[in-house]
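A.B. asks: I am attaching a structure below and will ask some questions about it afterwards.
Chains as they are written, first to last, in our numbering: chain V, 1 to 346; chain S, 1001 to 1346.
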């Protein structure tokens, strides 16, 4: 694409050319996609044996992302992951995505292509087709509204409401990286490509801008019925464990000593004299899975994640509802774990 | 609700209370809604025999609506109809809706409730359940992104691509009312409830703010395979007939003398010395169906719509692709019909 074309306003590009351009990076429509983009609605042949999972997510400039810390590619990439992660948290296989975008007039055709390229990369990795959308002007900020669909075997979906007293609480990956990555980006004066960054910044920024949706883990947990409850970490551990406990009508005890933290997180925290625990407990947008496992299934779970090389760590235990949500610190003291809502930008 | 509560910022109301409040006006979850609001995603048992229809629509303040000419109730009502209309255009039965809203801090709890009440009224009429959504702050305008789902018998969906040379072109209802209703609202200095307005304004403003999705007609056309192609009038007849012709690779001849115009439209146009034809040809947001019928099925179509008392008028005929899109005026002259894109606000 010529540089001048990249600079053209999106409004100057014809509708059908836009549709061709935006669907380019996504998987080609399969036999179940009877009508994709371009009609009043998409027409899909849903497999008769599966239940349908659907979720919608809104991303607003200045609230969920800032063009100061993320490129158009990054914004698209992360928006796709946030949605894929909701499907992972249900134990489902993602299938289709619909993308609605409101664009300020400052957005160029090249930016718009970068946004869709970012959206397409994680979708392509998971075979997710783009089947619908809407594009509008915006007099103010950039808005992205994504709807994602998936499918799961009847009776196998993971919910937030199934945890029982005595279940072990697990988390995938390590905690706090995304929030620390945002701190790196916010405090850096010059920003460039992730690939040119040095550690520990490189790792943390990548976790913030290009997190991994835990689709494989979600499918493992649901297909083999290994988890009693699950959700994805979008608000931060302290807030999300509360959601799980409310829906399951239980309490939880978290062990600080068990919380998985990456060497990069610890190195960066030490470098900037910050408390890594605060990032691990309250940092949002991790897109790791928080799930509970009955003690009877713990052995099977541990063997299965080891075989698939998926990092998963036991971080506590489900308690009774009246015990509330507590944390046992490294010094042995146990106290109430207060949720802190994760604020993106404000 | 107390007046002071209506004035409270939405951010002061707890998440679960908001979910309770917003689902209130919608139909209660049926047996196929396994999980509705409140988990990572909704879980639905899609009937195995049906194909799935899905569409997403973005509505942006200052582009698609203005708070100067529409209340929060009106904004919600029309947003729901715009989406229901996409399902009608596919000949499908609407089933579920997901609503994402970005709210400026000026929006009060009472406004927010009015918005959802507006959304719920047309949804309830058609048995459409609210199964998901997202709410975010916005630093600027109000944004609404709606995803709607529906179902249709395999092989029965109406598309834009099935029109054949010789098919009769039909439109439901009458044309131009919505655009004229917007003109009424824009030129009025004081605005009040529609019920207190006088004719012809009352009729036209209602068609603009609270249009009717043609679900029954869509179902009739698809279930009995009466139409060869269909879409809903959202961009205006001149723009939408072009969409149909492009997808079907045909041309069209429209007869000006046949275009259905309401007595209220004619009265208002005469009152303000405007050309009603321009509203009828280019006015958008009608949410009427534009569809084509094979001559062999014309008799069945006419009998069926008469029996169901659905207004439908033959306005032209499908021609060859190379003839393009033409209009024969009342004076007998035939010329090219140039599409004018409908601009909401700008």
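C-beta atoms are modelled at their ideal positions from N, C-alpha and C, and glycine is treated no differently.
Since the model is a prediction, treat every value here as computed from it, not as a measurement.
How would you list, in chain order, the residues of chain S whose beta-carbon sits under 8 angstroms from the beta-carbon of residue 100 of chain V?
C.D. replies: In chain order: 1056, 1057, 1058 and 1145.
A.B. asks: State yes or no: is the beta carbon of residue 1254 of chain S nearer than 8 angstroms to at least one beta carbon in chain V?
C.D. replies: Not closer than 8 angstroms to any Cβ of chain V, the Cβ of residue 1254 of chain S fails to qualify, so no.
A.B. asks: Where in the segment 1055-1125 of chain S do unbroken runs of the alpha helix (DSSP H), each at least 4 residues long, occur, reported from the N-terminal end onward?
C.D. replies: Counting only runs of 4 or more, we get 1072-1089 and 1109-1125.
A.B. asks: Can you look up residue 1033 of chain S in the DSSP assignment and give me helix, strand or coil?
C.D. replies: Strand.
A.B. asks: Of all the CB atoms in chain V, is at least one closer than 8 angstroms to the CB of residue 1052 of chain S?
C.D. replies: Closer than 8 angstroms: yes.
A.B. asks: Residues in the same chain with beta-carbon distance under 7 angstroms from residue 1134 of chain S, minus the five sequence neighbours each way, listed in chain order, please.
C.D. replies: Here the set comprises 1100.
A.B. asks: Distance check for residue 74 of chain V and residue 190 of chain V, CA to CA, integer angstroms please.
C.D. replies: Legend: pLDDT at residue 190 of chain V = 48, less than 50; position of this residue unreliable, value from coordinates given subsequently. Using only the alpha carbons, I get a separation of about 17 angstroms.
A.B. asks: Please decide whether residue 300 of chain V counts as near chain S, where near means a Cβ-Cβ distance under 8 angstroms.
C.D. replies: Answer no: the Cβ-Cβ gap between residue 300 of chain V and chain S never drops below 8 angstroms.
A.B. asks: Does the segment 1081-1088 of chain S come close enough to the segment 1121-1130 of chain S to have 3 or more Cβ pairs within less than 8 angstroms?
C.D. replies: Touching, yes, given that three or more Cβ pairs across the two stretches are closer than 8 angstroms.
A.B. asks: Is residue 1280 of chain S closer than 8 angstroms to residue 1259 of chain S when the C-beta atoms are compared?
C.D. replies: Going by C-beta atoms, residue 1259 of chain S is nearer than 8 angstroms to residue 1280 of chain S.
A.B. asks: Quick check: what's the CA-CA separation for residue 9 of chain V versus residue 162 of chain V?
C.D. replies: Their Cα atoms are separated by approximately 50 angstroms.
A.B. asks: If I follow the unbroken beta strand (DSSP E) through residue 1232 of chain S, where does it start and stop?
C.D. replies: Residue 1232 of chain S -> beta strand (DSSP E) spans 1229-1232.
A.B. asks: Quick one, which of V:255, V:34, V:313 and V:263 has its alpha-carbon nearest residue 333 of chain V's?
C.D. replies: When only C-alpha atoms are compared, the closest one is V:255.
A.B. asks: Below 7 angstroms on C-beta distance, what does residue 134 of chain V contact in chain S?
C.D. replies: Near residue 134 of chain V (Cβ distances below 7 angstroms), the residues of chain S are 1056, 1057 and 1058.
A.B. asks: Let me see if you follow: with CB-CB separation under 8 angstroms, is residue 1190 of chain S close to chain V or not?
C.D. replies: For residue 1190 of chain S, the predicted structure reports a pLDDT of 48, less than 50, and the residue's modelled location is therefore unreliable. A value from the coordinates is still provided. Chain V, which has no Cβ nearer than 8 angstroms to the Cβ of residue 1190 of chain S, makes this no.
A.B. asks: Nearest to residue 290 of chain V by alpha carbon, out of V:34, V:117, V:321 and V:229?
C.D. replies: That would be V:229, whose Cα lies nearest to the Cα of residue 290 of chain V.
A.B. asks: Confirm, please, whether the CB-CB distance from residue 152 of chain V to residue 50 of chain V is below 8 angstroms.
C.D. replies: Contact flag set, yes.
A.B. asks: Alpha carbon to alpha carbon, how far is residue 284 of chain V from residue 178 of chain V?
C.D. replies: Roughly 7 angstroms between the two C-alpha positions.
A.B. asks: Check the Cβ-Cβ distances between residue 46 of chain V and every residue of chain S, and say whether any is below 8 angstroms.
C.D. replies: With 8 angstroms as the cut-off, residue 46 of chain V counts as an interface residue toward chain S.
A.B. asks: Going by DSSP in three states, residue 190 of chain V sits in which element: helix, strand or coil?
C.D. replies: For residue 190 of chain V, the predicted model reports a pLDDT of 48, less than 50, meaning its position is unreliable and no value from the coordinates is stated.
A.B. asks: Looking at C-beta atoms only, is the number of pairs between the segment 61-71 of chain V and the segment 1158-1176 of chain S that lie closer than 8 angstroms three or more?
C.D. replies: Counting Cβ pairs under 8 angstroms, fewer than three are found: no touch.
A.B. asks: Determine which residues share a DSSP beta bridge with residue 1170 of chain S and list them.
C.D. replies: Answer by DSSP bridge pairing, in chain order: S:1291 and S:1314.
A.B. asks: Between the segment 1063-1087 of chain S and chain V, which residues of the former have CB atoms less than 9 angstroms from a CB of the latter, in chain order?
C.D. replies: Result list: 1063, 1064, 1085, 1086 and 1087.
A.B. asks: According to DSSP, simplified to helix, strand and coil, what is residue 159 of chain V?
C.D. replies: Residue 159 of chain V: coil per DSSP, three-state reduction.
A.B. asks: Where do the N-terminal and C-terminal ends of the alpha helix (DSSP H) with residue 1136 of chain S fall, by residue?
C.D. replies: Where residue 1136 of chain S is concerned, there is no enclosing alpha helix (DSSP H), although the beta strand (DSSP E) it sits in stretches over 1129-1138.
A.B. asks: Could you name the residues that DSSP lists as bridge partners for residue 297 of chain V?
C.D. replies: Residue 297 of chain V is not bridged to any residue.
A.B. asks: When you compare the CB of residue 1035 of chain S with every CB in chain V, is at least one pair closer than 8 angstroms?
C.D. replies: Yes, residue 1035 of chain S lies at the interface with chain V (some Cβ there is under 8 angstroms from its Cβ).
A.B. asks: Taking 8 angstroms as the cut-off, does the segment 1307-1321 of chain S touch the segment 1268-1278 of chain S (at least 3 CB pairs, one atom from each stretch)?
C.D. replies: In short, these stretches do not touch, since the Cβ pair count stays below three.
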